[in-house]
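K.L.:
Below is one structure. I have some questions about it.
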Amino acid sequence: MAILIAESGGNTMSTSIEEKIAQKMQRFQAFGEGLPGAKVYYREDWDAIYFDLVGKQFGIMSPQPEETAFLTLKNLPEVNETLREQFPDVIIPGYYANKTHWNTIKLASDALMEENIEQMILVSYDLVKQKLTKKQKSELENSES
-1 MAILIAESGG NTMSTSIEEK IAQKMQRFQA FGEGLPGAKV YYREDWDAIY
49 FDLVGKQFGI MSPQPEETAF LTLKNLPEVN ETLREQFPDV IIPGYYANKT
99 HWNTIKLASD ALMEENIEQM ILVSYDLVKQ KLTKKQKSEL ENSES
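For the sequence shown, position 33 matches number 31 in my numbering, and the numbering has no gaps at all.
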């Protein structure tokens, strides 16, 4: 799904931030779609970009490239705490998610490199993949072949 940005006659500073966020969102969506068996799509009932692995969520992202855009990902509880302490203005407890297992990353910030966020997407994917049933794992492996 391509993210489109409407032209704005308003503040150019705001537009450039929104353009940067749109580029990040497109990059993270493409990264997620590149993971085996993963699908990333707009989920209308949630009004969000949904990162899906065999029907299980491994991420959720704002649908529009606005200054308030975010990406919520799963991680180990102790890692989540460390990340929140390290980046208190960028990483907060999971928005509309179990705050122990999920963190929300504010996409307007440049405090984290995009590669670091891609690594977090991969960790979230792997944690969800580990919890799949044997049957789901088998189906996933067969779809990769």
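Glycine included, each C-beta is placed from N, C-alpha and C at the ideal position. Quick caveat: nothing in here was measured; it's all calculated off a predicted structure.
(1) Which full runs of the beta strand (DSSP E) of 3+ residues lie inside the segment 91 to 123, going along the chain?
(2) Can you tell me the Cα-Cα spacing of residue 189 and residue 53, whole angstroms?
(3) Roughly how many angstroms lie between the CA atoms of residue 71 and residue 100, to the nearest whole one?
(4) Would you kindly report the start and end of the unbroken alpha helix (DSSP H) that includes residue 69?
(5) Provide the residue span of the alpha helix (DSSP H) that contains residue 130, from first to last.
(6) DSSP beta-bridge partners for residue 51?
(7) Taking residue 49 as the reference, give the member of 105, 69, 80 with the closest Cα.
(8) Excluding the 5 residues flanking residue 134 on each side, which residues of the same chain have their C-beta closer than 7 Å to its C-beta?
(9) Starting from residue 77 and walking both ways along the alpha helix (DSSP H), at which residues does that stretch end?
(10) On a CA-only basis, which of 123, 33, 107 is nearest residue 17? Give me that one, please.
P.N.:
Looking at the atomic coordinates:
(1) Qualifying beta strand (DSSP E) stretches, in chain order: 100 to 104.
(2) Outside the shown range of the chain, which is -1 to 143, sits residue 189, and nothing can be said about it.
(3) Residue mapping note: residue 71 aligns to position 73 of the sequence shown, counting from 1. Residue mapping note: residue 100 aligns to position 102 of the sequence shown, counting from 1. When rounded, the distance between both Cα atoms is 5 Å.
(4) For this step, residue 69 is matched to residue 71 along the sequence shown. No alpha helix (DSSP H) holds residue 69; the beta strand (DSSP E) holding it covers 68 to 72.
(5) Here residue 130 corresponds to residue number 132 of the sequence shown, with the count starting at 1. Element bounds for residue 130: n/a, residue is neither H nor E.
(6) In the sequence shown, residue 51 corresponds to position 53, counting from 1. Paired residue(s): 36, 54.
(7) The residue given as residue 49 occupies position 51 in the sequence shown. The closest CA to that of residue 49, considering only 105, 69, 80, is found on 69.
(8) For the purposes of this step, residue 134 is taken as the residue at position 136 of the sequence shown. Excluding residues within five positions, the ones whose Cβ falls inside 7 Å are 52.
(9) Numbered from its first residue, the sequence shown carries residue 77 at position 79. For residue 77, the uninterrupted alpha helix (DSSP H) run begins and ends at 75 to 84, by DSSP.
(10) One-based indexing of the sequence shown puts residue 17 at position 19. Ranking 123, 33, 107 by Cα distance to residue 17 puts 107 first.
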